[in-house]
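Below: the structure, in structure tokens.
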Amino acid sequence: MSRTKSALLLAVLFFVFAIPASLTTANATSASATQVTYPEKTFGNGKAQFFTYKTEDGVTIRYFIIKSSDGVIRAAFDACDVCWQANKGYTQNGDFMVCKNCGKKFPSARVNEVQGGCNPAPLVRKMENGNLVIQVADLLQGKRFFDF
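All letters in the sequence shown, in the order written, are residues -18 to 129 by this note's numbering.
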């Protein structure tokens, strides 16, 4: 096998196995949980962190949280109104979130501020006692992006 084919095979294997393994399941573990919380310090490095929430009927909702360049902790679904059916989501490139389907870039400071089109779909969140809090009801609003 040529070096080019070997490199391509390794890249494909990385995306198939390593990327899904990097998703963290939300910590709303009981069926009666009404919110998920994350310590604010978890997001201090400016790196987008990806999470999943599994619904009672088995749909896995993906979302990410990032401390943007303006210092605000933001949250969005790993999908948008345009490219969601490709089921590819976003990746981070410096201060930008980049759509894995169309390649459009979004400054971190606009995440959760702009909605519609190919922008990451905003996810309601709030800061409370040093924690980022997301209501499960708000997570469920994104189910439409992941229920295939």
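Glycine included, C-beta positions come from ideal geometry on N, C-alpha and C.
Could you please give me the residues that DSSP links to Lys48 through a beta bridge? Partner(s): Ile54.
Can you tell which of Asp38, Pro103, Glu94 has the C-alpha that lies nearest to the C-alpha of Ala60? Selected option, being the one with the closest Cα: Pro103.
Taking the CB atoms as reference points, tell me whether Val92 and Ala67 lie closer together than 7 Å. In this structure, Ala67 does not lie closer than 7 Å to Val92 by Cβ.
Per DSSP, which one or two residues make a beta bridge with Lys107? In DSSP, Lys107 forms a bridge with Val114.
Answer yes or no: do Phe127 and Val40 have a C-beta to C-beta separation smaller than 7 Å? Yes, they are a contact pair.
From Glu37 to Lys28, what does the alpha carbon distance come to, in whole angstroms? If I take the Cα positions, the gap works out to 29 Å.
Pairwise C-alpha distance: Arg43 and Lys22: When only Cα atoms are considered, Lys22 and Arg43 end up about 21 Å apart.
Can you tell me whether Met108 is buried or exposed? The criterion is at least 16 other CB atoms within 10 Å of its CB, across all chains shown. In summary, Met108 is exposed, with fewer than 16 beta-carbon neighbours lying within 10 Å of its beta-carbon over all protein chains present.
Let me know the secondary structure DSSP gives Thr23 once reduced to three states. Thr23 falls in the helix class under three-state DSSP.
Can you tell me the Cα-Cα spacing of Asn8 and Thr33, whole angstroms? Any reading at Asn8 is ruled out, since the residue's pLDDT is 46, under 50, leaving its predicted position unreliable.
Near Asp76, what residues of its chain come up, given a Cβ to Cβ distance below 7 Å and the 5 sequence neighbours on each side ignored? In chain order, Ser50, Pro88, Ser89 place their CB closer than 7 Å to the CB of Asp76, counting only its own chain and leaving out the 5 sequence neighbours on each side.
Spatial neighbours of Lys86 within its chain, please: CB distance less than 6 Å, with the 5 preceding and 5 following residues excluded, ordered by chain position. If the five residues before and after Lys86 are omitted, its C-beta is found closer than 6 Å to the C-beta atoms of Phe77, Val79, all from its own chain and listed in chain order.
Excluding the 5 residues preceding and the 5 following Arg55 in the sequence, name in chain order all residues of the same chain whose CB lies nearer than 6 Å to its CB. So the qualifying residues of the chain are Ile47, Ser49, Val92, Asn93.
If you follow the beta strand (DSSP E) that Asn74 is part of, which residue opens it and which one closes it? Per DSSP, the continuous beta strand (DSSP E) segment holding Asn74 begins and ends at 71 to 74.
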